[in-house]
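Student: Count along the sequence shown from 1, then add 252; that gives the number in our numbering.
Would you mind keeping the following structure in view while I ask a few things?
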Amino acid sequence: MTSIKIVGLVAAALLCSSAASCPTTTANLRVAVTAGEGAPATARLTCGWDGGTHPKAAAACALLTTVEGDLARHPGERGACTKEHHPHTVSLSGTWNGRNVSYLRTFGNRCVMLLATGAVFDL
253 MTSIKIVGLV
263 AAALLCSSAA
273 SCPTTTANLR
283 VAVTAGEGAP
293 ATARLTCGWD
303 GGTHPKAAAA
313 CALLTTVEGD
323 LARHPGERGA
333 CTKEHHPHTV
343 SLSGTWNGRN
353 VSYLRTFGNR
363 CVMLLATGAV
373 FDL
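Structure (structure tokens):
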């Protein structure tokens, strides 16, 4: 049993040879965007070693890191959007550093959604 623990520690040390290469955040999230009455676009977002199926994983993870996984704390970006009414409903659920997180909101259109949530829902 001790030899298995030692092998595991050595493997972790080899994977993370410097502090800069080791993730400090771990997340496994399901992200979904539904435009109007259409079918949802979904992606898996993993942070730490950014990835999953999310097309902009690094940017999405960077934003979520600034708010410690709580997207409701993100102040959004400034910008101008048209007043077009084409609702986009977004949802995020999963774990952030071992803590369950979720977010659900409907925005008036895609532009407003992107200003409020950055790359997280840019699928």
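Virtual Cβ for every residue (Gly too), placed ideally from N, Cα, C.
Helix or strand or just coil, what does DSSP make of Leu367?
Tutor: Reduced to three states, the DSSP call for Leu367 is helix.
Student: Using alpha carbons as the reference points, say which of Pro307, Ala279, Ala293 lies closest to Ser343.
Tutor: For Ser343, the nearest C-alpha among the options comes from Ala293.
Student: Among Leu367, Cys363, His337, whose alpha-carbon lies nearest the alpha-carbon of Glu289?
Tutor: Comparing Cα positions, the closest option is His337.
Student: Using the three-state DSSP reduction, which class does Leu344 fall into: helix, strand or coil?
Tutor: Strand, per DSSP.
Student: Is Phe359 closer than 8 Å to Ala404 when the C-beta atoms are compared?
Tutor: Because the chain is modelled from 253 through 375, residue 404 falls outside the range shown and cannot be assessed.
Student: Taking DSSP as the reference, what is the three-state secondary structure of Ser255?
Tutor: Reliability fails at Ser255, whose pLDDT of 42 lies under 50, so the model's placement of it is uncertain and no value is given.
Student: So which of Val364, Thr341, Val353 has the shortest CA-CA distance to Lys335?
Tutor: If we check each option's Cα against that of Lys335, Val364 comes out closest.
Student: Contact check, Val285 vs Leu375 under 8 Å by CB: the rounded distance?
Tutor: Going by Cβ atoms, the distance from Val285 to Leu375 rounds to 5 Å, so yes, they are a contact pair.
Student: Should Asn352 and Cys333 be called a contact, given that it needs their Cβ atoms to be closer than 8 Å?
Tutor: The answer is no: Cβ separation not under 8 Å.
Student: Per DSSP, what kind of secondary structure is Arg362 in: helix, strand or coil?
Tutor: Looking at Arg362 - three-state DSSP - the assignment turns out to be helix.
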